[in-house]
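Structure record follows, encoded as structure tokens.
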Amino acid sequence: LRELGLTALPGMRPRDLPPLSQEPAKSPTAAAAPVAAASATKVIKRPVRSGQQVYAKGGDLILLAPVSEGAEIIADGNIHVYSTLRGRALAGVDGNTEARIFCQQLEAELVSIAGLFMLNDSVREYCWKQAAQIHLENESLHITAL
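All residue numbers for the sequence shown refer to our numbering, where the first residue is 5 and numbers rise by one.
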């Protein structure tokens, strides 16, 4: 240790370590596995108005403004609405059953995850006008308060 300019801490016992190799490190022979591209997250800062449709292909959709009745928000991943959700929200449209929908005030016309949907009449029974999350469990939609 002294050769390296280090001192042992009190109570520490020396260990037998293999000698340091003076040879340069060998380069790996197999190519490293390619890293998957990060999913594309789309952030919308303006209200989504009636008749408008926003689609986040290959990723999550984050909305920082309200979604009006008649508007449609769609994502291959999760949907986050940091405001009121009054329109239609479809998450996991590429078949992603792990996708979720989060919103600060649930007043949706329709919510859907991986093709399973629930209409306004049914949505009203759960967390209406409250912060909520919607997810799939045992092939049925579940809405819980946040």
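Note that CB positions come from ideal geometry on N, CA and C, so glycine has one too.
Just so we're clear, the structure is a prediction, and the values are computed from it rather than from any experiment.
Spatial neighbours of residue i within its chain, please: C-beta separation below 8 angstroms, excluding the five flanking residues on both sides.
i: R169; result: Nothing about residue 169 can be read from this structure; the chain reaches only from 5 to 150.
Distance check for residue j and residue i, CA to CA, integer angstroms please.
i: G151; j: R104; result: It is not possible to answer for residue 151, since the shown part of the chain is limited to 5 through 150.
i: V97; j: D80; result: 5 angstroms
i: V158; j: L65; result: This structure cannot speak to residue 158, because the chain is shown only from 5 to 150.
i: R128; j: L67; result: 22 angstroms
i: H146; j: K49; result: 28 angstroms
i: W132; j: N142; result: 23 angstroms
i: A60; j: L120; result: 19 angstroms
i: P51; j: L123; result: 22 angstroms
By Cβ distance below 7 angstroms, which residues in the same chain neighbour residue i in space, the five residues on each side in sequence not counted?
i: A40; result: Its pLDDT being 48, under 50, A40 is placed unreliably in this model, and the coordinates cannot settle the point.
i: N100; result: D80, G81 and A118
For residue i, count neighbouring Cβ atoms within 10 angstroms of its own Cβ and tell me buried if that reaches 16, exposed if not.
i: A149; result: exposed
i: L94; result: buried
i: A44; result: exposed
Less than 8 angstroms between the CB atoms is what I'm expecting for residue i and residue j, so what's the real figure, rounded?
i: Q137; j: F106; result: 5 angstroms
i: S87; j: Q108; result: 6 angstroms
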